[in-house]
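For reference, the structure discussed in these notes is given below.
Residue numbers (this note's numbering): 4 to 241.
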């Protein structure tokens, strides 16, 4: 499956419902039509043109971020003309950071939490349920990584502290890396993506550790998985 093409196709199908551009600002019937689509995710969506406009703009921004992430081929971040392994791995980190930002914007907009400062408990889990995703293909934990094993032999919580993660993020990291359990559901994938995103964006997870611990494939899969979630979610609006 070409995730990029599928995401563009899903957005095109949504736009067939929305077009022409900004028609919802003056067409009450169009607002009613869009509101009925949005109510699949939350019945409290209003049918006012102002609310509809804010949601559509959020969906557009979120989709654009995820699209940019998955279309960023051969990513690298660094000033050197010669792209080092660390430059490339840092690029993969920020692909995930960008994709997660888009996922967050879209899910909040559809679930009506975008306008609130605090996300309601289990809002993302409810969003995933609404997307009606197919069975998840597991992501296996890294194996045969001596430099990771050194961290696993330290006292409990040492790895989480090193990565600057707490609470749910710590649980997701511990489950995959410390307990060596497969990521076997969309919910667990979202949680691990969030944890790795936070550890990366806050500067705790360095490219050298991604290399030493064998995390690259996890970053690649999770970036694509976030896009697949958006594809499924957007399809409910078409």
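Ideal Cβ positions, reconstructed from N, Cα and C, are used throughout, including at glycine.
Predicted, not measured: the structure shown is a model, and the values here were computed from it.
Contacts around residue i, its chain only, beta-carbon distance under 8 Å, and the 5 residues preceding and following it disregarded
i, result
"residue 184", "144 and 178"
"residue 111", "61, 117, 122 and 126"
"residue 148", "215, 216 and 217"
"residue 97", "78, 80 and 203"
"residue 155", "162, 180 and 181"
"residue 90", "79, 80, 81, 83 and 210"
"residue 219", "92, 95 and 213"
Cut-off 7 Å between Cβ atoms - residues of its own chain near residue i, not counting five sequence neighbours on either side
i, result
"residue 198", "168, 172, 175 and 176"
"residue 230", "6, 10, 69, 73 and 102"
"residue 214", "88 and 92"
Identity of the residues DSSP links to residue i by a beta bridge
i, result
"residue 73", "DSSP, once it has assigned bridges, lists no residue as partnering residue 73."
"residue 142", "186"
Candidates the options, of which the one nearest residue i by Cα
i, options, result
"residue 45", "64, 192 and 127", "127"
"residue 30", "181, 188, 55 and 154", "55"
"residue 92", "194, 18 and 216", "216"
"residue 224", "141, 166 and 204", "141"
"residue 192", "76, 139 and 58", "139"
"residue 159", "182, 150 and 146", "182"
"residue 163", "207, 40 and 38", "207"
"residue 129", "189, 82 and 22", "189"
"residue 222", "115, 233 and 200", "200"
"residue 205", "234, 165, 220 and 232", "165"
"residue 8", "219, 71 and 146", "71"
"residue 104", "209, 226 and 146", "226"
"residue 235", "22, 131 and 42", "131"
"residue 41", "12, 23 and 109", "109"
"residue 63", "161, 90 and 24", "24"
C-beta contact flag for residue i and residue j at 8 Å
i, j, result
"residue 36", "residue 52", "no"
"residue 94", "residue 80", "yes"
"residue 195", "residue 186", "yes"
"residue 20", "residue 241", "yes"
"residue 27", "residue 237", "no"
"residue 212", "residue 133", "no"
"residue 99", "residue 232", "no"
Own chain, CB closer than 6 Å to residue i, minus 5 neighbours either side, in chain order
i, result
"residue 113", "44"
"residue 38", "48 and 50"
"residue 86", "79"
"residue 106", "229"
"residue 2", "Outside the displayed span of the chain (4 to 241) sits residue 2, for which this structure offers no information."
"residue 16", "241"
"residue 115", "45 and 47"
C-beta neighbour in chain C for residue i, strict 8 Å
i, result
"residue 41", "Looking at the structure shown, chain C is missing, and only one protein chain is on hand."
| said: What ranges does the alpha helix (DSSP H) occupy inside the region 149-225, keeping only unbroken runs of at least 4 residues that lie completely in it? | reply: 149-155, 161-166, 170-176, 189-204 and 210-216
Could you give the uninterrupted runs of the alpha helix (DSSP H) lying entirely in the region 56-135, keeping only those of 4 residues or more?
88-114 and 126-134
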